[in-house]
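If you read the sequence shown in UniProt numbering, its first letter stands for residue 1, the second for the next number, and so on. Glycine is no exception: its CB is placed at the ideal position from the N, C-alpha and C atoms. This structure is a prediction, so every number in the text was calculated from the model and none was measured. Notes follow once the structure below has been shown.
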Amino acid sequence: MWIIRIWYGLLGLWALSMSQGVVRLILGDAGADERFTYVVVTAWKLLALGGVLGVSWTGGRSVVAFQAVVVGFVGWWGSELLYAVHPADATPAASMIATVVLWLLPLVLLRPHRGELARFHARPSAVLLPLALVAAVPLCVYAVRQGDLATGLNGRVEVYYVSSGLGLVLAVQVVFAGFRPRGSRWLPRFVALVAVCTGLAAIVWPDDLTSPGRGWGIALVCWALLFMVGAEVEVNRDPP
């Protein structure tokens, strides 16, 4: 339906506008110890919200793209619960209602056979799911740690908000991709790409405020490549 394509296309542009950290880094807006944060905010916000582009492209037919948006928002909302000090102007209830109304409800109302949106056709494998769980644990620990540091006493509090979101959004999307829901061939690749981007940023800027360091960056890049290879192997095993 063209209404779905247009609405979610506009939301896709909105998502891109929220993911401009790399552009601001290029323009020199990032502090000397905030470059890692400016790179990863682009990566994880696209991972959280990028599914709207799939919804727009398919006219709402891609169930897994919609579910990826739901999972991304769950990770984003969850990360906000981890902040040691919340923003003074935070309105979590209003933000959640606005998110549901603007990003999720339109497809539920406009799509034929809307019940399909709630069906989760998982196809877990012995390769991807264990890999996903192995990555999700340290990512969650990282998210909790960054949330604990969001006190405003050790640098700009916003960078810790961003990095807490990175850890939890990447963790939940990794697990979602590990279940291999039907029609999600693109999702493991997208998740792996974000992980590679994050790992490379940690390698390049190991001493930035929220960087996990060069060792963890190398580990994340290696994991992402392994996850991508595993995903391709599983695709080749699928019946035609």
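Review point. Hey, PRO181 and VAL64: beta-carbon distance below 8 Å or not?
Key: Within the sequence shown, numbered from 1, the residue matching residue 181 stands at position 181. Within the sequence shown, numbered from 1, the residue matching residue 64 stands at position 64. Yes, the Cβ-Cβ distance between PRO181 and VAL64 is below 8 Å.
Practice item. Please check the pair VAL204 and LEU47, which I expect to be a contact at CB under 8 Å, by giving their CB distance rounded to whole angstroms. Key: Translated into the one-based positions of the sequence shown, residue 204 becomes position 204. Translated into the one-based positions of the sequence shown, residue 47 becomes position 47. VAL204 to LEU47, Cβ: 20 Å. No contact.
Practice item. Taking ALA192 as the reference, give the member of ALA201, ALA177, VAL71 and VAL101 with the closest Cα. Key: Here the question's residue 192 lines up with position 192 in the sequence shown. Here the closest residue by C-alpha is ALA177.
Check your understanding: In chain order, what residues of the same chain have a beta carbon less than 7 Å from the beta carbon of ALA43, not counting five sequence neighbours either side?
Key -> Locating residue 43 in the sequence shown gives position 43, where the first residue counts as 1. A distance below 7 Å between beta-carbons, with the five flanking residues on each side excluded, links ALA43 to the following residues of its chain, in chain order: VAL194, CYS197 and THR198.
Review point. Is the Cβ-Cβ distance between ARG119 and GLY60 less than 8 Å?
Key: As a position in the sequence shown, residue 119 is number 119, starting the count at 1. As a position in the sequence shown, residue 60 is number 60, starting the count at 1. Contact flag unset, no.
Exercise for review: Report the rounded CA-to-CA distance for TRP57 versus ALA32, giving the unit in angstroms.
Suggested key: What you label residue 57 is simply residue 57 of the sequence shown in a count that begins at 1. What you label residue 32 is simply residue 32 of the sequence shown in a count that begins at 1. Straight through space, the alpha carbons of ALA32 and TRP57 are spaced by roughly 39 Å.
Check your understanding: Anyone know if the C-beta pair for PHE66 and THR210 falls short of 8 Å?
Key -> Translated into positions along the sequence shown, residue 66 becomes position 66. Translated into positions along the sequence shown, residue 210 becomes position 210. The Cβ atoms of PHE66 and THR210 do not sit closer than 8 Å to each other.
Exercise for review: Go through its chain and collect everything with a Cβ distance to GLY54's Cβ below 7 Å, but skip five positions before and after it.
Suggested key: Here residue 54 refers to the residue found at position 54 when the sequence shown is read from its first residue. Excluding sequence neighbours, GLY54 sits near SER62 and ALA65.
Exercise for review: Below 8 Å on the Cβ atoms is my guess for VAL127 versus GLY21; work out the distance and round it to an integer in Å.
Suggested key: Position 127 of the sequence shown holds residue 127. Position 21 of the sequence shown holds residue 21. Approximately 32 Å separates the beta-carbon atoms of VAL127 and GLY21; this is outside 8 Å, ruling out the contact.
Practice item. Assign GLU232 to buried or exposed, taking buried as 16 or more other Cβ atoms, counted over all protein chains shown, within 10 Å of its Cβ. Key: For the purposes of this step, residue 232 is identified with residue 232 of the sequence shown, where counting begins at 1. With fewer than 16 other Cβ atoms within 10 Å, it is exposed.
Check your understanding: Can you tell which of VAL101, ALA150, ILE97 and LEU200 has its C-alpha closest to the C-alpha of GLU80?
Key -> On the sequence shown, residue 80 is found 80 positions in, with the first residue counted as 1. That would be ALA150, whose Cα lies nearest to the Cα of GLU80.
**Study point:** Reduced DSSP secondary structure (H/G/I, E/B, other) of ASN154
**Key:** By one-based count along the sequence shown, residue 154 stands at place 154. Look at ASN154 here: in three-state DSSP terms it is coil, with no helix or strand label.
Exercise for review: Return yes when the Cβ of VAL174 is within less than 8 Å of the Cβ of ALA135, no when it is not.
Suggested key: Counted from its first residue, the sequence shown places residue 135 at position 135. Counted from its first residue, the sequence shown places residue 174 at position 174. In this structure, VAL174 lies closer than 8 Å to ALA135 by Cβ.
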